[in-house]
Amino acid sequence: MNLRARLHRHGGLDGVRLADRTASHAVAELVKAPADREMAQRLAGRSILLATEGQMAAAKAMLVLDGLARRMLLLPPGIAPEQLPAIVRDAEIDLLVTDRDGPLRETLPDLPCITVQAASGAAPAAAPLATEWVLATSGTSGAPKLVLHTLEGLVGGINTAATPEPGTVWSTFYDIRRYGGLQVFLRAMLGPASLLLSEAGEPVSDYLRRVAAAPVTHLLGTPSHWRMALMSSAIGALSPRYVRLSGEIADQAILDALRAAFPRARIAHAYASTEGGVGFTVEDGREGFPAGLIGSRAGIEIAIRGGTLHIRSQRTARRYLGSEAGPLMDPDGFVDSGDRVALRGDRCHFLGRSSGMINVGGVKVQPEEVETVINRHPSVSMARVKPRPNPILGAVVEAEILLHDGQEAVADPAALKAAIIAHCRAHLDRHKVPVSLSFVTDLPLTPGGKLLRTPS
Amino acid sequence: MSLRATLIDEIETITRDQGKAMPPLTDELVLIDTEFDSLCFALLVARMEDRFGIDPFSTLEIADLPVTLGDLIALYDRSSLAGAA
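First to last, the protein sequences are chains D and P. So my numbering is basically just the index in the first sequence, starting at one, shifted up by 690. So my numbering is basically just the index in the second sequence, starting at one, shifted up by 339.
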């Protein structure tokens, strides 16, 4: 069943709103059957590139295009115009739905185009299709990968049977045109419950003030998003009932900090990825996940192969698009997440991305493991660990650190650096201890809200 | 602090941090015969680079490989002069 039909089935859309910084819409208005049958015919069966400036326009279009289009590619922000021709070719796009012009249109001169405004008025499909949803993952380099999902797979991890608590308002630091944000959009719409959209470039404190004013009850982001939020003066005004982290390793330091900030909230860290879909959610406040989750459960199988987490379920993506794209899953249907894990007693811990390993004279060092230790130091807000070329060992480890109180507040930076190194030495193998530290005023995040890692 | 004094100071710091027992640091000392291992060397090179901006090991000929502590100090001395020239 397509998105619009699912919303209609609920009926009770009273008070359910979709809002951003400048506008607020009743969802019932957005999905009430518009009369534009001619537009529906123009969109029916097309493979559509949905390229909007902001998230609100994308949300409106998604509600209408699901069921009409054969395929819908959600273009995330930050894709360079020169990458578009390859994306259009690989995804076999034959129609552009957009509210943008300029470079975007100039790179795609031959592609037919309909405005989002016009498309959003389309009548529902006479014969609804199972629209393919395509997400573009932001790789660290090169062209984005195009990941094909079905709506059934995307919503497979969402409990649509339960009625949301009254007054539920979702919001997320994520952009809804990427997997994590799309999950929040779909959770809200299928609830149904209200959703407050974030906005690119909006200062964290401004966004959090909107979150507090709404008031948002369910707030989601990456651990990096949350570390930024906890440094904001606006954090005290928030009173979420549900706090969720995903997209990066949730270490004990951030889980404890959130517990202290929101003593009454449910705090969950979830494991999900664009390719692997929603894996599982942990709510016991401890880093890692129970070893009991490995194996088969209803709807999902989790295995550790070659040290990385593998997932097989109906919630994983189906395949990559493009003639040069490799297979998304192993022949037996398992998706390799690339996330390295280790079993310690009854707990499984994330070590980091298999691609991010630092080789210190043959000793493999996972940046995330070192960051986790540094982040436990009371003065540290967050750390980024990276390789530093070294003529003796090939590479050694160095770290950039964002302090809670800013480096200006530190009376003796050298002493603090020595203390952090001593803290690392007490908790890490000697090859993993950073050779050098620097205090920085900012650690950049990727457009997806993850700590930006320079390719090594 | 002179280059020699800095180098010896760093070696002492590193060996203390790494829990290495070292004989007296004389010019004749053959470092590789002590507990000063490859990680200690790597740390030393990185710290000297941080302090003086020089890394003689990155462009080293085999014949120049330092054997004794005195060789190592001489290597850094040459590198720092070359850098200053």
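Using N, Cα and C, we set each Cβ at its ideal position, and we do this for glycine too.
Neighbour-count burial assignment, residue i, 16 or more Cβ in a 10 Å radius
i	result
residue 937 (chain D)	buried
residue 644 (chain D)	Nothing can be reported for residue 644 (chain D): it is not among the residues displayed for chain D, which extend from 691 to 1146.
residue 398 (chain P)	exposed
residue 1033 (chain D)	exposed
residue 1056 (chain D)	buried
residue 745 (chain D)	buried
residue 974 (chain D)	exposed
residue 371 (chain P)	exposed
residue 817 (chain D)	exposed
residue 1119 (chain D)	exposed
residue 830 (chain D)	Caution applies to residue 830 (chain D), whose pLDDT of 47 falls short of 50 and renders its modelled position unreliable; the model cannot decide the point.
residue 815 (chain D)	buried
residue 873 (chain D)	buried
residue 762 (chain D)	buried
residue 1063 (chain D)	buried
residue 710 (chain D)	buried
7 Å CB neighbourhood of residue i in its chain, flanking five on each side removed
i	result
residue 1083 (chain D)	1050 and 1051
residue 930 (chain D)	906, 907, 908, 909, 952 and 955
residue 1106 (chain D)	1069 and 1100
residue 1125 (chain D)	1078, 1086, 1087 and 1088
residue 918 (chain D)	894
residue 732 (chain D)	804
residue 1148 (chain D)	Chain D is shown only over 691 to 1146; residue 1148 (chain D) falls outside these bounds and no answer can be derived.
residue 1041 (chain D)	1030, 1031, 1032, 1056, 1058 and 1059
According to DSSP, residues forming a beta bridge with residue i
i	result
residue 1077 (chain D)	D:1087
residue 1026 (chain D)	D:1000
residue 738 (chain D)	D:762 and D:785
residue 971 (chain D)	D:960
residue 871 (chain D)	Per DSSP, none; premise fails for residue 871 (chain D).
residue 836 (chain D)	D:826
residue 369 (chain P)	P:407
residue 993 (chain D)	D:1000
residue 1129 (chain D)	D:1091
residue 716 (chain D)	D:707
Nearest residue (CA-CA) to residue i, options the options
i	options	result
residue 888 (chain D)	D:881, D:882, D:1132 and D:868	D:868
residue 1015 (chain D)	D:790, D:800 and D:835	D:835
residue 1108 (chain D)	D:1038, D:1067 and D:1133	D:1067
residue 1121 (chain D)	D:1128, D:1129, D:930 and D:1053	D:1053
residue 880 (chain D)	D:860, D:823, D:966 and D:864	D:860
residue 1094 (chain D)	D:805, D:1070, D:878 and D:1029	D:1070
residue 1011 (chain D)	D:822, D:748 and D:807	D:822
residue 1134 (chain D)	D:772, D:843, D:720 and D:915	D:915
residue 964 (chain D)	D:1007, D:708 and D:928	D:1007
residue 1020 (chain D)	D:1117, D:765 and D:1001	D:1001
residue 977 (chain D)	D:1110, D:1058 and D:765	D:1058
residue 355 (chain P)	P:379, P:343 and P:420	P:379
residue 764 (chain D)	D:838, D:807, D:1104 and D:704	D:838
residue 855 (chain D)	D:985, D:982 and D:932	D:932
residue 923 (chain D)	D:897, D:911 and D:1027	D:897
residue 945 (chain D)	D:927, D:1018 and D:979	D:979
residue 1060 (chain D)	D:989, D:1024, D:1111 and D:1080	D:1111
residue 958 (chain D)	D:864, D:934, D:950 and D:967	D:934
residue 866 (chain D)	D:827, D:1047 and D:833	D:827
residue 366 (chain P)	P:344, P:391 and P:386	P:344
Cβ-based neighbour list, residue i, same chain, cut-off 6 Å, excluding 5 preceding and 5 following
i	result
residue 373 (chain P)	361
residue 414 (chain P)	395 and 405
residue 700 (chain D)	882
residue 1045 (chain D)	none
residue 418 (chain P)	393 and 395
residue 997 (chain D)	1030
residue 812 (chain D)	726, 729, 730, 733 and 754
residue 1090 (chain D)	1074, 1128 and 1130
residue 793 (chain D)	771
residue 961 (chain D)	969 and 970
residue 382 (chain P)	353
Cβ-based neighbour list, residue i, same chain, cut-off 8 Å, excluding 5 preceding and 5 following
i	result
residue 702 (chain D)	882
residue 713 (chain D)	746
residue 642 (chain D)	The structure shown does not extend to residue 642 (chain D), since chain D spans only 691 to 1146, so no value can be given for it.
With a threshold of 8 Å, are at least 3 pairs of Cβ atoms found where one atom belongs to the stretch 1068-1075 of chain D and the other to the stretch 1131-1144 of chain D? yes
Would you say the stretch 715-732 of chain D touches the stretch 839-853 of chain D, given that touching needs at least three Cβ pairs under 8 Å? no
Taking three-plus beta-carbon pairs below 8 Å as touching, is the stretch 891-905 of chain D in contact with the stretch 939-952 of chain D? no
Contact between the stretch 732-740 of chain D and the stretch 786-806 of chain D is defined here as three or more beta-carbon pairs at a separation below 8 Å; is this criterion met? The stretch 732-740 of chain D vs the stretch 786-806 of chain D: in contact.
Between the stretch 790-805 of chain D and the stretch 765-779 of chain D, can you find at least three pairs of beta-carbon atoms closer than 8 Å? Touching, per the Cβ criterion.
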